[in-house]
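Protein chains in written order, with this note's numbering: chain A, 2 to 631; chain B, 15 to 493; chain C, 68 to 167. All C-beta atoms, glycine included, are put in the ideal place defined by N, C-alpha and C.
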Amino acid sequence: MDSFWLIPILPLVGFLANGLVGKRLPKQAVAWIACLVVAASLLLSARAFYALMQVPPEERHVIHPLFTWVESGDFVARFEFLLDPLSAVMMLLVTGVGLLIHVYSVGYMWAGEGFYRYFAYLNLFMSSMLLLVAANNLLLMFVGWEGVGLCSYLLIGYWYFKKSASDAGKKAFVVNRVGDFGFLLGILLAFLTFQTLDFQAIFQQLGPEGEFAAESGKWGTLSWIAFLLFIGATGKSAQVPLYVWLPDAMEGPTPVSALIHAATMVTAGVYMVVRLNPLYSLTPGVSGLVATVGIFTAFYAATIALVQRDIKRILAYSTISQIGYMFAAAGVGGYAASIFHLSTHAYFKALLFLGAGSVMRALQNETDILRMGGLRKYLPVTYWTFLAATVAISGVPLTSGFFSKDEILVRSFSSGHTVIGIVGLATAVLTAFYMFRLFFLTFHGEQRLAPELRRGIHEPPPSMAVPLVLLALLSLFGGYGYGYLEGFLEPVTGEPLPARGEHSEALVLLTAVASGLGILAAYLFYVRNPTWAAAAQQALGGAHRLLWRKYYVDELYDRLFVHPLKRVSDHFLWRGVDERVVDGAVNGTAGLVRDLSGFLRQMQTGYARAYATWILLGTVGILVYYWMGG
Amino acid sequence: MPTDLHYLAILPEIITAATGIAIMLLDPFTAPQHKGRLGWLGVAGLLAAGVAGAAQSGRTMTAFGGMVQLDSYSVFFRWLFFGVSIGTILISLQYLKREGVHHSEFYALVLFATTGMSFMAASVDLILMFIGLETVAISTYVLAGFKRSDPRSNESAVKYFILGAFSTAVLLYGIAFLYGQTGSTRFDRVAEALSAQGPSAFFLVGLALLLVGFGFKVAMAPFHVWTPDVYEGAPSPVTAFLAVGPKAAGFAALVRVLYSALPDMENHWGDVLGLVAVLTMTVGNVAAITQSNIKRLLAYSSVAHAGYLLVGLVARNELGISAVLYYAVVYALMNLGAFTVVVIWSGAGETRVHLSDYAGIGFRYPFLTGCLSLFLLSLIGIPATGGFMGKVFLFAAAVQSHHVGLVVIAVLNSAVSAYYYLRIIVIMYMQEPAAQVPSVEIPVPAAVALVLAALGTLLTGLYPSALLDLASRSVLAVR
Amino acid sequence: MIPASHYLILSALLVTIGVIGVLTRRNILIIFMSIELILNAANINLIAFSRQLQDVIGQVFAVFVITVAAAEAAIGLGIVIALFRNRETINADEIDLLKG
């Protein structure tokens, strides 16, 4: 019995069950339904994965038709799923990480209102993402694509009574629509060009015998298709210039952020580019753009993350930055490396958000890291798991993040994209710095908590702690399977690029050094100095001079390093570019449309004779058009 | 003179007209509290007409001296119109009682308008097309002013009447030229004469005026100016009817006349309709953004949707017309559904039609708001709804015929439209409710209409093939 | 025999007068009369073409149009009366409750 099609459908069943009758069910039942359907999808994905491994690599391409969705003349779109190494890996990842987030959410959301609503949305989210991943044609992919956008809107605005939350939800949806505009145009142009939307049929035409091989390397129709689709990806995956929604998206419940940032939604764009790698390989111009946008986003978002105080905002910018790495990898042709980083990122980013959720839960939703500190002794489980994720994202050697980041840098250098490699290295330093800054300020140092929060800090219940531990293990050790993953993905992503090259050992060292530099700097700024200052202050009995000196040192650091960077980052990049230019452009366009709308309202005077005049003018217009010989 | 009268060919229209007359005759014998029964009689008549139409499906014949054509195309639209009218009656039953205007003429007028619409889709002659169009127009003038003591309803009827009469007069003037230059009013003979002698200057004048007349009917910019005012002032079930029935009938007749009578002129009308489509979509969507009255907002949205439908016409290929038929059905489902919610929520005297009246009712009335959200998402064109598939077909058809610029504008427009549809959802679910959320009861017939519309919207989105097949088989009759 | 072009010129004049009437008059009844002028201009065209083509259809059409116009007039007057009862005006420029 072919049960593959159940993988995206099961969460949909969960959504319907909880959405329709969840209100009347006890919370336990809601939680069980939601988690079980995802668990079942995970098992089925694992089975599909296993089945795929049993067959020789060239046969690892199974189409599971459901029904013919649309058929009219030349226009055929089937409702069918594709099982190949890429979709198998993605499904395993989405369901696996998704399940852990579901389990965690049970504890996290237990106390709130609308428990059933939350899980219904969460299941719908999973279903849409799985549909996107499993789709065998662009149109079906677009259904999932829009689905995740809609769900993110529902979940980000989940606390609808908070104005900021509903605004953020709206922003996410509208920005995504801008991207989807490009995506839809790309689909239509692809249909016009290939007369089909099926991946296999498109790739055939793109192959060496296909009619488009000749267009390789030139900026033609293919490039336009790739470009338009990439616009969609920048929206969905929060890349420059359409990233603006993601930092606001933290208004939703924290596990939702984990889901959006790790397993679903933002990875959709990366997946799309990798899925269409035959197209992007033929369009080096667009691929170069993908790589450039990716690495620029990586660096840009990392600089912004340096100065933020809100724990979830830092993590949001770090996601933007890490997704940028993935696009950079895909842009230089390292498709397998891109998926590899996508998977390791899923582990540690999910863990970071869940850990942040655990901290916020303990502190009654405090998110300002300057008002935390010293949480290590109160939240040992959270502390150690968060540390695992932090070392992984910082690229500390032998953790998963180290391998995947190193792979991306190697691919960049070995394919001759030296600038991208160098910026990637610099970003790695920044990443290690801001992540450890976050880590130290939260868990180390003196306690800066508001007094009323100090009481009752406690670890989360086991249902929340277990996902943390599992994700921590994955973050630490999830990078060892890369050689295997690359080989497994080969039928989809093609032969790996030129082998790792002679300098790769040196590069491993450089990656490690970059990570170490960042951590060391964070240590000096946020651990070493405050303790030193605190000790000195104690020794001198709270003398003003020492207080001044402490301030002076801070100011020195500020002047020498933090302040200029902060200036650039805070005032220029964040306030300036982010809020003025990008938001300004968005608001400006909206304002223009609004003015036009107001003008049209004024035209609608309410006088019947004025309307008759319009009709007459229209008539004269058509007559003149014909008279002029149009 | 013709001996081929073939009354059977117009049996469905005979049934609807006769039911309408029967309702008026039975009115004096019906006690005021039982007027609803006459509404149900109207539903029964429409169902019977639908069955009669079904019995004829698959047959092709010409009747009344080549004035009426029975083919799959007319059958397709008959079903659509009968469905729309049934929906209109279902949502009116409770409404008329609530507003204190429960006169059975309402149902009779709906049936007469249906007869006219049905003839518009079936006519292959300019005379019958004109008479069908006028039958619809005259019935709907009265319907728009049906709340006689409400000044807004009066105003709606007056404006609709003045502008409607003006535009039909213009249309007639154009038809006279078409007749004079080709020597016939029959579509096929017009086409023959055209291909034999080519268009004269007078003929172009006739074509232009024809486009103006239909432009008014289906609300193309700039001939749409009447829609917001008339839709806002008319009783809400009438607005629902106006927005879907006569508009679809206008498209039905327009497609037929353009493809059967004027195929040789396709570059002439194609170019103009392309420009008009751009204007219509843009004006509709942009003006909708700042509206605060939901009826007015939906009026502008219906203007914008006429623009999307025109994209399919401009495509001038088979998929394009199939898509127009497909979208006409989906459009009817989602608009009728949305207006049903408006009818129910507006309350006695239609006092709650402002967007702010919808604040925070999302979780109090999950059924109403859930359905409305579905219709709005479909109007945006979110996948898994009929609205999405319809737009995909329309735009794909235009892409096939290389109208890429038009499609870019259309897609951009639908991106803009998300803003105002979404605003309603946001208001319903994410704003603070008013201090006291009024309680409304959902009448059973309206609830049935709502569920049917919602199911249809979903079904056409998830499994569009069935309807699209039907539509593409129906257009073969026209091409 | 008077050539068809004379009739066409007459009808064109009637249309012009009608359109100007619709656009400039404020009294709804006079606006409506102007619309009737356009309809009758169309009728003149139909009958002129009918004679020119030696084809009876145009005349049949004109009879239909006259019937339809009568129905339209009846309905139109009813609507205007309903308006007058509520608003006590038939000035087209005073009915602007609905706008924007």
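Closest by C-alpha distance to residue i, when choosing among the options
{"i": "I203 (chain A)", "options": "A:L139, A:S258, A:Y109, A:G335", "result": "A:L139"}
{"i": "N107 (chain C)", "options": "C:T83, C:E155, C:A141", "result": "C:T83"}
{"i": "M465 (chain A)", "options": "A:A317, A:W111, A:P209", "result": "A:W111"}
{"i": "Q47 (chain B)", "options": "B:H117, B:I103, B:V156, B:G259", "result": "B:H117"}
{"i": "V244 (chain B)", "options": "A:Y627, A:G335, A:A609", "result": "A:A609"}
{"i": "T128 (chain B)", "options": "B:G59, B:G194, B:P165, B:A410", "result": "B:G59"}
{"i": "A266 (chain B)", "options": "B:M131, B:F160, B:V425, B:G159", "result": "B:M131"}
{"i": "Y434 (chain B)", "options": "B:Q414, B:L311, B:P459", "result": "B:L311"}
{"i": "L260 (chain A)", "options": "A:Q240, A:F184, A:L185, A:C152", "result": "A:C152"}
{"i": "L133 (chain A)", "options": "A:G335, A:G145, A:F126", "result": "A:G145"}
{"i": "H65 (chain A)", "options": "A:M54, A:A347, A:S88, A:S505", "result": "A:S88"}
Near the ligand FAD: residue i beta-carbon under 6 angstroms from a heavy atom
{"i": "L223 (chain B)", "result": "The ligand FAD is not among the ligands present in this structure, which contains no ligands whatsoever."}
Other residues of its chain near residue i: CB distance less than 8 angstroms, five sequence neighbours each side excluded
{"i": "F151 (chain C)", "result": "I157"}
{"i": "F404 (chain A)", "result": "F341, T345, G480, Y481, Y483"}
{"i": "A205 (chain B)", "result": "S274, A275, L276, P277, D278"}
First through last residue of the alpha helix (DSSP H) which encompasses residue i
{"i": "F43 (chain B)", "result": "No alpha helix (DSSP H) contains F43 (chain B), which DSSP labels as neither H nor E."}
{"i": "T149 (chain B)", "result": "140-158"}
{"i": "A433 (chain A)", "result": "419-444"}
{"i": "T265 (chain A)", "result": "Run containing T265 (chain A): none; DSSP gives neither H nor E here."}
{"i": "M361 (chain A)", "result": "336-363"}
{"i": "M442 (chain B)", "result": "418-444"}
{"i": "L60 (chain B)", "result": "49-70"}
{"i": "V172 (chain B)", "result": "165-196"}
{"i": "R270 (chain B)", "result": "250-270"}
{"i": "W6 (chain A)", "result": "First-last for W6 (chain A): undefined, no H or E at that position."}
Local conformation of residue i per DSSP, three classes
{"i": "N137 (chain A)", "result": "coil"}
{"i": "I64 (chain A)", "result": "strand"}
{"i": "N307 (chain B)", "result": "strand"}
{"i": "E114 (chain A)", "result": "coil"}
{"i": "A537 (chain A)", "result": "Residue confidence is low: A537 (chain A) scores 41 on pLDDT, short of 50, so the model does not pin down where it sits. Its coordinate-derived value is still stated next. Looking at A537 (chain A) - three-state DSSP - the assignment turns out to be helix."}
{"i": "V454 (chain B)", "result": "coil"}
{"i": "M68 (chain C)", "result": "coil"}
{"i": "H545 (chain A)", "result": "Any reading at H545 (chain A) must be qualified, since the residue scores a pLDDT of 35, below 50, and its modelled position is unreliable; no value is offered."}
{"i": "S137 (chain B)", "result": "strand"}
{"i": "W70 (chain A)", "result": "strand"}
{"i": "N94 (chain C)", "result": "strand"}
{"i": "N331 (chain B)", "result": "coil"}
{"i": "R200 (chain B)", "result": "strand"}
{"i": "N366 (chain A)", "result": "coil"}
Contact belief for residue i with residue j at Cβ below 8 angstroms, rounded distance in angstroms
{"i": "N299 (chain B)", "j": "N427 (chain B)", "result": "5 angstroms"}
{"i": "V219 (chain B)", "j": "L624 (chain A)", "result": "7 angstroms"}
{"i": "T443 (chain A)", "j": "I520 (chain A)", "result": "Wrong, their Cβ atoms sit about 15 angstroms apart, outside the cutoff."}
{"i": "A291 (chain B)", "j": "G321 (chain B)", "result": "5 angstroms"}
{"i": "G146 (chain B)", "j": "S153 (chain B)", "result": "Contact doesn't hold; Cβ gap of about 11 angstroms is too wide."}
Beta-carbon proximity list for residue i, same chain, < 6 angstroms, skipping 5 on both sides
{"i": "M15 (chain B)", "result": "Note that M15 (chain B) scores 45 on pLDDT, short of 50, meaning its location in the model is unreliable; the coordinates nonetheless yield the value given after this. Here the set comprises nothing."}
{"i": "A536 (chain A)", "result": "Note on A536 (chain A): pLDDT 48, under 50, position unreliable in the model; the coordinate value appears next. Around A536 (chain A): no qualifying Cβ."}
{"i": "L25 (chain B)", "result": "A66"}
{"i": "F116 (chain C)", "result": "G125"}
Residue span of the beta strand (DSSP E) that contains residue i, given as start and end
{"i": "E81 (chain A)", "result": "76-84"}
{"i": "A77 (chain B)", "result": "75-77"}
{"i": "V308 (chain A)", "result": "Unbroken run through V308 (chain A): none, as it is neither H nor E."}
{"i": "K82 (chain B)", "result": "According to the sequence as given, residue 82 (chain B) is Val; it is not Lys. Looking at the DSSP string, the run of the beta strand (DSSP E) that includes V82 (chain B) is 82-84."}
Neighbourhood of residue i by C-beta distance below 7 angstroms, restricted to the same chain and skipping five residues each side
{"i": "A373 (chain B)", "result": "I441, Q445, E446, P447, A448"}
{"i": "V275 (chain A)", "result": "L87, A331, Y336, S339, I340, T494"}
* **Contact residues within the stretch 154-181 of chain B, judged by C-beta distance below 7 angstroms to chain D** => Checking the listed chains, one finds no chain D in this structure; the protein chains it contains are A, B and C.
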